[in-house]
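Q: Last residue of the sequence shown: 1103 in the working numbering, with the numbers rising by one and none dropped.
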Amino acid sequence: MKFVDNAVKLRKFVVRFVVNEVPTHVINISYDTYSRIYKGQLNLGLPVAPELIISQEQIRNNAIGKLALTLYHIFYRITETIIPRDQIKTVLHDALELDGIRLTEKVILLTRKELAHIAVDQLNIDPEFENKIYSEAFRRNIVREALKTSFQPAYFESEVDEKENNGRGDYEIVYYRDFTEEGKEIKFRRLLSMEDVTAGDNNPSVILVPGFANNSNCFDLNNQYSIAKNLADKGKWVYLFDPRGVGVNAGRFDPNYTVDTLIDHDLPTVLNFVTQRSCGKPSILLGHSMGGLVSENMVLNWALRLDFDKIKMPDSNKAALDKILVSEENATDALKAVKGVITLGSPRCFDKKSHVFFPSALWLNHLARIFKLSHIPVQELSHLVTQMPVLKTITRSIYNKNIGGLNFLISPENHKNDKYFIERYLERAMESIPLGLGFQFLKAVYDGNGFKRMDPSALNYTHHFSFFPKEIPVFHFWGANDCLAPLENIRYSQFYPHKHKQIYRLERVEDLKKVTILPEQSQLIDFVIEGANHLDLLYGKKAKELVHPLLEQIIETVWSDWSYEDNVKINPDAAECVLNLTVD
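#1: Which partner residues does Gln-1042 have in the DSSP bridge list?
#2: Going by beta-carbon coordinates alone, are Phe-984 and Leu-823 separated by less than 7 Å?
#3: May I ask you to list the residues that DSSP assigns as paired with Ser-712?
#4: Considering Gly-1059, what are the terminal residues of the alpha helix (DSSP H) in which it resides?
#5: For His-807, which three-state DSSP category applies?
#6: Quick one: Cα of Val-626 to Cα of Glu-655, how far?
#7: Ignore the nearest five residues each way along the sequence and tell me which others in Gly-559's own chain have a CB closer than 7 Å to its CB.
#8: Which residues bound the alpha helix (DSSP H) around Tyr-1083?
#9: For the beta strand (DSSP E) containing Val-1066, list its first residue and its last residue.
#10: Go ahead and pull the three-state DSSP assignment for Val-733.
#11: Tell me whether Pro-833 is buried or exposed, calling it buried when 16 or more other Cβ atoms sit within 10 Å of its Cβ.
#12: Take Asn-836 and list the residues in its own chain whose beta-carbon comes closer than 8 Å to its own, dropping the five residues that flank it on each side.
#13: Could you compute how far the alpha carbon of Asn-581 sits from the alpha carbon of Phe-958?
#14: Quick check on DSSP: helix, strand or coil for Arg-696?
#15: Distance check for His-784 and Arg-796, CA to CA, integer angstroms please.
#16: Round the Cβ separation of His-1017 and Leu-1037 to the nearest angstrom and send it over; I've been treating them as touching at under 8 Å.
#17: Does DSSP put Leu-978 in a helix, in a strand, or in coil?
#18: Can we say the region 853-867 touches the region 1077-1085, given the rule of at least three CB pairs closer than 8 Å?
#19: Between which residues of its own chain and Thr-914 is the CB-CB distance below 7 Å, once the five residues before and five after are set aside?
#20: Expressed to the nearest angstrom, what Euclidean distance is found between the alpha-carbon atoms of Ala-839 and Glu-633?
#21: Using a Cβ-Cβ cutoff of less than 8 Å, which residues in the same chain neighbour Asp-689 once the five nearest sequence positions on both sides are dropped?
#22: May I ask you to list the residues that DSSP assigns as paired with Gly-859?
#23: Pull up the distance between the alpha-carbon of Asn-539 and that of Tyr-694, whole angstroms please.
#24: Kindly list the residues whose CB is nearer than 6 Å to the CB of Leu-750, restricted to its own chain and excluding five residues on each side of it in sequence; keep chain order.
#25: Please list the terminal residues of the continuous alpha helix (DSSP H) segment that includes Val-789.
#26: Tell me the rounded alpha-carbon separation between Ile-1048 and Ile-583.
#27: In chain order, what residues of the same chain have a beta carbon less than 7 Å from the beta carbon of Arg-972, not counting five sequence neighbours either side?
#28: Assess, as a yes-or-no matter, whether the region 1052-1066 is touched by the region 1006-1014 under the definition of 3 or more beta carbon pairs within less than 8 Å.
#29: Please report how far the alpha carbon of Pro-953 lies from the alpha carbon of Phe-1014, in whole angstroms.
#30: Expressed to the nearest angstrom, what Euclidean distance is found between the alpha-carbon atoms of Leu-883 and Val-793?
#31: List, from N- to C-terminal side, the alpha helix (DSSP H) runs of 4 residues or more that fit wholly inside the region 923-947.
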């Protein structure tokens, strides 16, 4: 019997060596060799044609040019005096250099004070025109104060999914919209069980954040596979976040946005909206893959602002970071909105030699330059391998048999009763992504030394976890078979400042008995799910038996006895808001 077991192990080793490890080595060498031939590329050998990614200088000049033109017309309309556009552009350029105004992504929005300084102090316009200039600027939406008043209502659509149709329960899905600080529209959804929540109740709010090249449907594939409905059935207020350009935000595809965009703008906007609309109720962030990375690093950014003087990095990088981070007041308020963070298979670093997927993905950088791609064609590739007859058969064989460990998404034994799970998932949840987002991850893959910002600060998030706020509990789930977020990432947990830390290795239902979730806020727990791959942390046998029960236990324990009554005692200004709460 022992001989047979050893023979099976040897066979698996040989197959993996031939179909996975050897190709990984060959593709890595070929990529490095090709990258040395082509010079003048982005750092770490990521070649991109200038037409594909606009430089920061171009973005800044475009923003200055647009704002200067608008101001030119406003000043002429109000004062009947022509001020040369080049003069206005020079003033705006100097103000940006001196941090007098701020470039947010690709636009410059002025405050009333900044506008007055430019018009009166810099361009010598008579102060008597100040109010009229501001009114016209407000009408043209170039001042920050105009954003929230000039756009459409936040609540714009809803639908009901009834039990008689889905066989599961009665759910209401409400569609919301809000706008980031720079005026970008962000839509998202709220899903709730109509019988399990009421306006003004003390039930937990949970924001679900999808992973790389995924939309929020990954949390609600159908009635059988739905973390969102599982949580809603337990009386949670569930919010489904979609990055710009995907999911409910399809049609607003921004080819230049990065993970930093989601960390700085998109997710904070949704969190702030949920907090304000629910009168100060905090939220628990639950992210899969990249979604967990975005959630944690958003919180980390706020903590970095509060401990900014303690950050050790080159002066030029630190100065760039200082421009990016929000104010101390905003950071303090934002941290109050987060009750806890849960991540499922969220990487901190990668090893490009660990799986053939990584060096193969790196080649997209050369292919993007050669074929002048406008985006990373994830959706197109997914459709290709799941729809074309021959490729479809090969793909099913890889996913359902895991030949040579090539399957980087699921462990087939977790989906024995559904041979088509991968196809359902790819069709419902996968979408193409912009080059900037893809390259930021591929830089991390190539470098293998953590996850860095793409801006001049070059902040390495992975090296700053010691700044994470210790009063916000963190829970990491890892799949023992997950090459996209390998177990080596657990080593970074030692740098978090939390008081209580624990690692649990879970293989069967009985193992849940040994898990203890403390009411203590300052805790960090790593859960290793044996036999689980990347998507197995969402759905399948291991998810159903181990992950989902733990998610419920974590949320209930972390939420504890939070109530509006106690919140009003701390913040009396919220009393009137709570009285006026409605369910829409």
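Just so it is clear, CB atoms sit at the ideal spot from N, CA and C, and this is done for glycine as well.
Everything numeric in this text was worked out from a predicted model, so none of it was measured.
A: On the basis of the supplied data:
#1: Per DSSP, His-1019.
#2: Taking 7 Å as the Cβ cut-off, Phe-984 and Leu-823 do not qualify as a contacting pair.
#3: Looking at the DSSP assignment, Ser-712 forms a beta bridge with Tyr-690.
#4: For Gly-1059, there is no enclosing alpha helix (DSSP H), as DSSP gives it neither H nor E.
#5: Three-state result, His-807: strand.
#6: Answer to the nearest angstrom: the Cα atoms are 18 Å apart.
#7: Because the pLDDT at Gly-559 is just 32, under 50, the model does not fix this residue reliably, and the value given afterwards should be weighed accordingly. Closer than 7 Å at the Cβ level, and outside the excluded window around Gly-559, lies no residue.
#8: Taken as a continuous stretch (DSSP letters only), the alpha helix (DSSP H) holding Tyr-1083 covers 1083-1089.
#9: Under the DSSP assignment, Val-1066 falls outside any beta strand (DSSP E); it carries neither an H nor an E label.
#10: The question names Val, yet the displayed sequence has Asn at residue 733. In the three-state DSSP reduction, Asn-733 falls in the strand class (E or B).
#11: Under a 10 Å Cβ-count criterion, Pro-833 is classified as exposed, with fewer than 16 other Cβ atoms of the shown protein chains found around its own Cβ.
#12: Answer for Asn-836: Pro-975, Ser-976, Ala-977 and Leu-978, listed in chain order.
#13: The alpha-carbon atoms of Asn-581 and Phe-958 are separated by roughly 23 Å.
#14: If DSSP states are grouped into helix, strand and coil, Arg-696 belongs with the strands.
#15: If you take the alpha carbons of Arg-796 and His-784, they lie about 18 Å apart.
#16: Contact doesn't hold; Cβ gap of about 11 Å is too wide.
#17: The answer is coil: DSSP assigns Leu-978 none of H, G, I, E or B.
#18: With a cut-off of 8 Å, the region 1077-1085 and the region 853-867 count as touching, because enough Cβ pairs lie within range.
#19: The residues are Val-904 and Thr-905.
#20: Approximately 21 Å, taken between the alpha carbons.
#21: Counting only residues of its own chain and dropping the five nearest sequence neighbours on each side, Asp-689 has a CB closer than 8 Å to the CB of Val-679, Asp-680, Glu-681, Lys-682, Ser-712, Met-713 and Glu-714.
#22: As a beta-bridge residue in DSSP terms, Gly-859 pairs with Ile-803.
#23: Distance between the alpha carbons of Asn-539 and Tyr-694 is about 44 Å.
#24: Non-local beta-carbon contacts of Leu-750 in its own chain, meaning distances under 6 Å to residues more than five positions away in sequence, involve Val-725 and Val-757 in chain order.
#25: Looking at the DSSP string, the run of the alpha helix (DSSP H) that includes Val-789 is 786-796.
#26: Taking the CA atoms as reference points, Ile-1048 sits about 51 Å from Ile-583.
#27: The answer, listed in chain order, is Asp-779 and Leu-978.
#28: Short answer: they don't touch.
#29: When rounded, the separation of the alpha-carbon atoms in Pro-953 and Phe-1014 is 32 Å.
#30: For Leu-883 and Val-793, the distance between alpha carbons rounds to 37 Å.
#31: Qualifying alpha helix (DSSP H) stretches: none in this window.
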